[in-house]
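*Asks:* Pasting a structure below so you can have a look.
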Amino acid sequence: MTQQSRVILLSGNEAIARGAWEAGVRVGCGYPGTPSTEILEALAQYPEVDCEWSTNEKVALEVAVGAALAGGRAIATMKHVGLNVAADPFFSVAYMGVNAGLVVVSADDPGMHSSQNEQDNRLLARAARVPLLEPSTTQECKDFTIAAFEISERYDTPVLVRTTTRISHGKGLVTLGERCEIPRRPYRKNVQKNVVLPAHGRLRHIIIETQRIPALEKEAERWAQIFEGSDDLAIIASGAAFLYAREAFPTATILKLGMTHPLPRELIKRFCAGKKRIVVLEELEPYLTEQVRALGITVEEISLPRFGELSVGLVRQAVEPVPDGAPPPSVDLPPLPPRPPILCAGCMHRGVFYVLKQLDAIVSGDIGCYTLGALAPLDAMDTCMNMGASLSMAHGMAKIFSEEEKKRLVAVIGDSTFYHSGVPALIDILYNGGQIVTIILDNHTTAMTGHQEHPGTGRTIKGRPAPVIDLESLARGLGIKHVHRLDPYDLLTAWRTIDAALHRPDPSVIIADASCVLKEKRRFGEIVSVDHKKCTECFACTELGCPAIEIQDGHIEINKLLCIACTHCQQVCADCNAGIDIPQVLELVHQKRYAEAFRVLMRANPFPAVAGRVCPHPCDHEVNALGWPQEKLYAQRYPDLVREFAAPGYPAKLSVRDVERFLGDYGIEHFSGAEFAPTEERPEKIAIIGAGPAGLSAAFYLRRRGFRVTVLEALEKPGGMMRYGIPAFRLNKEILDREIDRLSMMGVEIRCNVTVGRDVSFAELQNEYDAVVIAVGDSAPQELELEGTSEVREGLLYGVEFLRRINRGQRVQVGRRVAVIGGGNTAIDCARSAKRLGAEVTVYYRRTAQEMPAIRDEIDEAILEGITFEFQTNPIKVLAQGGRVCGLELIRMQPGPLEKDGRRRPVPIPESEFCVAVDTVILAIGERADLGFLKETNIQFAEKVQTTFMGVASQPGVFACGDVAFGYGTVTQSIATGRRVASAVAAYLKRKSSKR
Amino acid sequence: MNTHEITNIVVVGVGGQGSVLAGQIIARAAMLAGLSVATSEVHGMAQRGGSVFSTVRYGKAVLSPAVSEGTADVLLAFEKLEALRYLNYLTTNGLALVNDQRIVPSIESLKLAPYPDDRTLEETLRRRTRSAFLVPALKIAQQIGTPALTNTVMLGALSLFLDLPQDAWHSAVTELVPPKTVELNLLAFDEGLQWAKHHAHIVT
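Spelled out as structure tokens, the structure:
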């Protein structure tokens, strides 16, 4: 290359690498960590430099020290917290001194863009008595690095170059130079210097304090720069703060410090002499401020935060708020959903964390992408402190935990982190008789910092092949007896492996083994899609927190651009109306762990004994809504359960609902409500209007969180449709009573015979309670405009009212011949109830048999009981004599044009009218909500209360669930919405209390 | 529009959308125009599908890459929600170029607040600036062939409003996009510029 200089755009990190290269550096070591990672990546591109990703920062620095002592220039790079790991050699090498130049780079992270703290490593330089250079620009990153090597050699000391995120990742123009090959310095044995015995160290310390530091103080003056300006304002700054200062106050006099340890004290005194206002601008710690004040200089008190990053605006505001220079006032933004980082779609970590959540594990976590497993909805991490701490912290926890807690305790650590500092902790556990289950999340890369190689990848930073330090052999070699490898995409096997380990009295190591999907960019198979006919909208799949799973207009959709067909969601989906974790329940029942299975059931459904009898059991689908062959898998996995719980008429098919009923009854037998009482009380009061399945479900899950819950019920007993809609021949009301009793024992207050709008106004509830949940259900009959009804005084009934009267034990009479109009569950229940009253019953439904929305089993039962069905038939007129029903005029229907919901609208066939003789007509064409009590409020509603998918209504503190908001029309789906709204209410109250 | 010595640009989007590369192209174009440049970007954990914010500053003598609230001349947003999130970085009546694309955040986030509707979005933008444009960049990119060209369409539109020469833009795009996609990217850039010429004549 010619002498002609070249100018290019480089990041601070790249400029440091360039500087090291130009300075003739021979060895570069480091451990990846944002914002330092790219320094070594850039340096590794130069063939002259021997670079390595070391196992950790301590090792990196020690390798660099060795290289420097041996006579070659060396650099060690790390993030700020990495210097804590390397602090031991860092402090000692300061005493030893170097031979060839040794530079340590610490990239600090004010603002914690990607770190666990925002420590200020200027303090570490001072504590270690190491000279510190702080570049402000990208050019200086290069120049200061070159200078650092020279200073290191001249003063026989390691030098710390400290950057901050803005400097490391900021880009600027850099003038490039050439590499200067530095001849190797000869190696000489020097025990006095290089063996840190106390006797040697004492002498070295004296030399540092009496010779090296004073000499460096003089050196520091060379790296200071004065920007002359007005004498009104004198600023002292370094690093990024200098840039902000210079921009905010272009006319001020500024002392820019390049070396900030030791400080050029004499120069500072000279600079400050005669200045009116002296301001020190610095990010984080008042490191300069305190030292300048210690010189007897009066530094103005300004209010800069001791946390976070500075900016031009902050600096200006702190020193000299100029009204016309101030930024324009902010415009008010609407509430915006946050967008935090999230595990990628198809990430292997998700599988492990989902299983840990299933197992209700106490998780001692570690540092990496997988720390995101701590966030909702996975919520599967209890602690994360620093690199490698997961194992040792778990070991400490186990020393105090109860046996029950210990059975839930796991340590979770990434592969790279395990090599970094997990290994000594594992040895400690083994040596000291610990029993920890360690899960190594082995995604074959250092993912979070951008896919760096590590001892397990088989490659070095230079791309050369390297031996693979096999985790399994390592663990076995240490003497761990139970070492398992698991596929994090096979949830059940993962569950079994981790569950078994938790129940073992020995330590075990489980290696969750799969490549990072962001690195491999792989796709597993056919992209998942949702069969909306099957999807129960239980939202169980959303518990995975996968970004490819979206909710659009209340429906689950898979984002085809993001989905990589990892199958996690397919395995979680079980087409359960209530969103029960069926795979885990079945496994526990298979293992005859009924109490645990029951507890898992209760996480999603507080009425399993009821649901086990009345649910339309979509869980029987052969293939689930996300395309997983669940029936086949159940049969393969659990032949024992298939034998015990075979679906009626299908000896090879497992009836999941029967398992649920079995567990529900087991729960009634063995569990009181006290079992589910909250462990801590919260002060907030919540009113729930309506004691139906949705309202009681919301009550259960809110009370469980410790809230004070009152349920208001208009009728004389709680239960809603479970009590007053479903006839006794389908659901024994004693079962219902036993399950509702559980709520009372937990401390839920249920007030019956209270009608909101009559006995208490909605506004009063809003005043008295912190949140109100509307769960009144669809309790009023849908009216049908039918000719002739106005003249009828006897023989015309509405379905819900008819059932309610029967269920209340009131006397109900029907004629000999009963016509039921409708095709839903209410219609079938009416028909079967009328049959039991001795009538001849015919059900008239305007669509085809296949389109009937009622539960299939119930229709079959009705047919067996001798009830007649007339499909594609619609009533047009009720015939009456003297006010008494005597007949019905009907018309035949045929499929007409397609409607929005994909069904064909039935239209009459002309001239197909006919009459039948009946004594009673029961109209059961549907129900609607009675929302009169909302008329005086601003809450938006039409036929339903308008809510988000979580049940949040249009006014703060008001929520709705069940049919009045979602209209699913089944007990079990209403239960799911109740649980969902409970989490929305809890989140709302948490936000409210944190604002207080 | 640029009377300041330094032009402050804030580039926002969602991790994975390629906003970092877009920032680099702007910076490179400014460099080729002989100007001093500083940029900053976010790495590490923040990139995992999260909200992404980077800055580009260019002019005669630029020191700090940081842009503080209320001082950006341009808000270049690759996603609508992110445009709102960082709207207050824009100076009053600064230029807001917003890709007309929604990327819905996670379900957990939507539990905290709904995605704002288009009317709210536009009204809020207008409260800050008269120069706000919703660019159908995704649509234009798809018409050319692939949604991956969205950012380049946006850069083409942006180029109308900045005082950097077109050949600097072209060279910057050519240098920084993957070699096989240069032609398509230049086409996308031009389509973006044409869109801006047709729709943005009202801006002074």
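Protein sequences, first through last, are from chains U and H.
If you count the first sequence from 1, position 152 lands on 151 in numbering that gives the first Met the number 0, and the numbers rise without skipping.
If you count the second sequence from 1, position 146 lands on 145 in numbering that gives the first Met the number 0, and the numbers rise without skipping.
No residue lacks a Cβ here, since even glycine has one placed at the ideal position from N, Cα and C.
All values derive from a computational prediction rather than experimental measurement.
#1: Assign H:Y57 to one of three DSSP states: helix, strand, or coil.
#2: Given a threshold of 16 other Cβ atoms within 10 Å of its Cβ, counted over all protein chains shown, does U:I862 qualify as buried or as exposed?
#3: Please name the residue in U:Q224, U:R804, U:P130 and U:P134 whose C-alpha comes closest to that of U:I207.
#4: Could you tell me the distance, in whole angstroms, from the CA atom of U:P874 to the CA atom of U:P907?
#5: Could you give the DSSP three-state label for U:H483: helix, strand or coil?
#6: Name the residues in the stretch 239-251 of chain U whose C-beta lies less than 9 angstroms from a C-beta of chain H; which are they?
#7: Any chance you could list the alpha helix (DSSP H) runs of at least 4 consecutive residues sitting entirely within the stretch 184-257 of chain U, in chain order?
#8: For chain C, is any of its Cβ atoms less than 8 angstroms away from the one on H:E4?
#9: Going by CA-CA distance only, name the one from U:L988, U:T847, U:V97 and U:V527 that's closest to U:G626.
#10: Do U:T919 and U:G794 have their C-beta atoms within less than 8 angstroms of each other?
#11: Can you check which of these residues, U:I805, U:P605 and U:Y797, is closest to U:G821 by C-alpha distance?
#12: For U:Y186, is the classification buried or exposed, using 16 other Cβ atoms within 10 angstroms of its Cβ as the cut-off for buried?
#13: Can you give the Cα-Cα distance for U:R245 and U:S310, rounded to whole angstroms?
#14: Just the C-alpha distance for U:G931 and U:G756, rounded to the nearest angstrom, thanks.
#15: Can you check DSSP and say which residues form a bridge with U:G29?
#16: Taking only the alpha-carbon atoms, compute the straight-line gap between U:A916 and U:L887 and give it to the nearest angstrom.
#17: Using C-beta distances below 6 angstroms, list every residue in its chain close to U:D777, excluding the 5 sequence neighbours before and after it, in chain order.
#18: If we define contact as Cβ-Cβ less than 8 angstroms, is U:A986 a contact residue for chain H?
#19: For the stretch 108-128 of chain H, list every residue whose C-beta sits within 8 angstroms of some C-beta in chain U, in sequence order.
#20: Taking the alpha helix (DSSP H) that U:I924 belongs to, which residues open and close that run?
#21: Which residues in chain H have a C-beta closer than 8 angstroms to the C-beta of U:P326? List them in chain order.
#22: Out of U:K520, U:H567 and U:A573, which has the shortest C-alpha to C-alpha gap to U:C534?
#23: Which of the three DSSP states, helix, strand or coil, is assigned to U:Q1001?
#24: At 3 residues or longer, what runs of the beta strand (DSSP E) sit wholly inside the stretch 67-123 of chain U?
#25: In the structure shown, what three-state DSSP assignment does U:V409 receive?
#26: Quick check: the stretch 91-99 of chain H against the stretch 147-161 of chain H, are there 3 or more CB pairs under 8 angstroms?
#27: Between U:Y286 and the rest of its own chain, which residues show a CB-CB distance below 7 angstroms, the 5 nearest in sequence each way excluded?
#28: Beta strand (DSSP E) containing U:P650: first to last residue?
#29: Using a Cβ cut-off of 8 angstroms (strictly closer), state whether H:L94 contacts chain U.
#30: Can you give the Cα-Cα distance for U:L283 and U:D107, rounded to whole angstroms?
#31: Would the beta-carbon of U:A236 fall within 8 angstroms of that of U:I225?
#32: Suppose the cutoff is 7 angstroms on Cβ atoms and the five residues either side in sequence are ignored; what does the same chain contact list for U:M456 look like?
#33: Any C-beta of chain H sitting closer than 8 angstroms to the C-beta of U:K652?
#34: Could you spell out where the alpha helix (DSSP H) holding U:C140 opens and where it closes?
#35: Report all residues from its chain with a CB closer than 6 angstroms to the CB of U:K518; omit the five preceding and five following residues, and keep chain order.
#36: Please check if any C-beta of chain H sits within less than 8 angstroms of the C-beta of U:A43.
*Replies:* If we stick to the structure as given:
#1: strand
#2: exposed
#3: U:P130
#4: 10 angstroms
#5: strand
#6: A239, F241, L242, Y243, R245 and E246
#7: 190-193, 197-206, 212-221 and 238-247
#8: Structure shown: chain C not included; protein chains present are U and H.
#9: U:V527
#10: yes
#11: U:Y797
#12: exposed
#13: 11 angstroms
#14: 7 angstroms
#15: U:W52 and U:T76
#16: 6 angstroms
#17: E926, R927, A928 and D962
#18: yes
#19: S108, L109, K110, L111, A112, P113, Y114, P115, T119, T123, R126 and R127
#20: Element bounds for U:I924: n/a, residue is neither H nor E.
#21: S67, E68, G69, T70 and T90
#22: U:A573
#23: With chain U running from 0 to 995 in the structure shown, residue 1001 of chain U is simply not present.
#24: 73-78 and 101-107
#25: strand
#26: yes
#27: D119, R121 and L122
#28: Y649 to L653
#29: no
#30: 10 angstroms
#31: no
#32: The amino acid occupying residue 456 of chain U in the given sequence is Thr; Met does not appear at that position. Cβ neighbours of U:T456 beyond the five flanking positions: H443 and T444.
#33: no
#34: T137 to Y154
#35: T444 and H450
#36: no
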